[in-house]
Amino acid sequence: MQHQTLSGKTSLYLGVLAVVLLAGVLAYDQTTSLNREKEQALQQVVQHDRMLAEPVARSFDSIEILLDEMRIAIQEGPQWQQWDSELGHRILKSKLSRSLPQIRHLLLFDAEGNQRHTSFAESPPVINVRDRPYFQQIRDGADRARFGPYVGRNSNRPTYAIARRMGREHFEGALMVAIEPQYFEDFCRASRPFSEFETAIVNAEGLIVAICRSLQGPMT
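Throughout the sequence shown, residue numbering follows the numbering used here, covering 49 to 268 in sequence.
Next comes the structure, spelled out in structure tokens:
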């Protein structure tokens, strides 16, 4: 009887040990699986960030080149201050390209900050941008400037500005590109690796230019 009792206890201990070992194996396997999933998710996030960063960098480089070429062409041609509204609109609109869909508007402002010509209308709204930091920087001697995000006065939407100083011997005004942040947000949403994924494009000053929000609501 004692031998049977010991044998029963041994079987019980072995059974408990087997359960503990099985639980340990399952826990280890689950932990390993979770770590593997985390590594794969991190790799997807890194790949997406690279995929987003590269076209953003190329977009800004292409816009810088466009502005440089436009400034040279405008300054070598007839005085742009004397363009009529139809000519100014046509010239700026002709510079827009399907290869640069992130450009919302091309704009020309005179030395006082008055909006003179735009790519979106022959008779644009009467606005003045002399209080904008990008215009002030150019007026004060900078050759080029960036500013944003801010609410554009033409569109009343978030905007990012890249501008060039007009005038060789003295300040004549500013040539500016108004960038559409929504373009980058749409690009991000279409390529997001997860529905709960959230990322942002931030400028050198730490301000958000565009944000790709989670489809699962605010992240904590």
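Positions of the beta carbon are idealized from the N, C-alpha and C atoms, including for glycine.
Original post:
In terms of residues, what are the limits of the alpha helix (DSSP H) holding P7?
Top reply: Shown here, the chain extends from 49 to 268; a query on residue 7 therefore has no answer.
Original post:
Where S203 and P173 are concerned, what is the direct C-alpha to C-alpha distance, given to the nearest angstrom?
Top reply: 10 Å
**OP:** Could you tell me the distance, in whole angstroms, from the CA atom of R164 to the CA atom of R216?
**Re:** 19 Å
Original post:
Roughly how many whole angstroms lie between the Cα atoms of S171 and G161?
Top reply: 16 Å
Original post:
With 16 as the cutoff for other CB atoms within 10 Å, does Q50 come out buried or exposed?
Top reply: Residue confidence for Q50 is low, a pLDDT of 46 falling below 50, so the modelled location carries little weight and cannot support an answer.
Subject >> Pick from A159, R180, F195, S167 that is closest to M214, judged by C-alpha positions >> reply: That would be A159, whose Cα lies nearest to the Cα of M214.
Original post:
Excluding the five sequence neighbours on either side, which residues of its own chain have a C-beta within less than 6 Å of the C-beta of F195, listed in chain order?
Top reply: P181, Y182, A209
**OP:** Quick one: grab the DSSP three-state call for G196.
**Re:** strand
Original post:
In chain order, what residues of the same chain lie with their CB nearer than 6 Å to the CB of A248, ignoring the 5 residues before and after it?
Top reply: I256, I259
Subject >> Cross-strand partners of A211 (DSSP beta bridge) >> reply: DSSP lists A193, M224 as partners of A211.
**OP:** Could you check what DSSP says for Q163 in three-state terms: helix, strand or coil?
**Re:** Here Q163 sits in strand by DSSP.
Original post:
Looking only at DSSP bridge pairs, what is A258 linked to?
Top reply: Checking the DSSP bridge columns, you'll see A258 partnered with I249.
Original post:
Counting Cβ pairs closer than 8 Å, one from the region 225-236 and one from the region 128-147, do we hit at least three?
Top reply: No, the region 225-236 is not in contact with the region 128-147.
Original post:
Buried or exposed: where does E220 fall if 16 or more other Cβ atoms within 10 Å of its Cβ makes it buried?
Top reply: buried
Original post:
If you run the structure through DSSP and keep just helix, strand and coil, what is L45?
Top reply: Residue 45 is absent from the model: the chain starts at 49 and stops at 268.
Original post:
With a CB to CB cut of under 6 Å and the five nearest residues on each side skipped, what residues in its chain are close to I122?
Top reply: Same-chain partners within the cutoff: W128.
Subject >> Distance between A169 and I139 (C-alpha atoms, nearest Å) >> reply: Straight-line measurement puts the Cα of A169 at about 11 Å from the Cα of I139.
**OP:** On the DSSP bridge assignment, give the partners of F157 in chain order.
**Re:** Q163, A222
Original post:
Taking the Cβ atom as the reference point for each residue, do K141 and L114 lie within a distance shorter than 8 Å?
Top reply: no
Original post:
So what's P126 in DSSP terms, helix, strand or just coil?
Top reply: coil
Original post:
By Cβ distance, which residues of its chain are closer than 7 Å to E253, with the 5 residues on each side in sequence left out?
Top reply: none
Original post:
Is P103 helix, strand or coil by DSSP?
Top reply: helix
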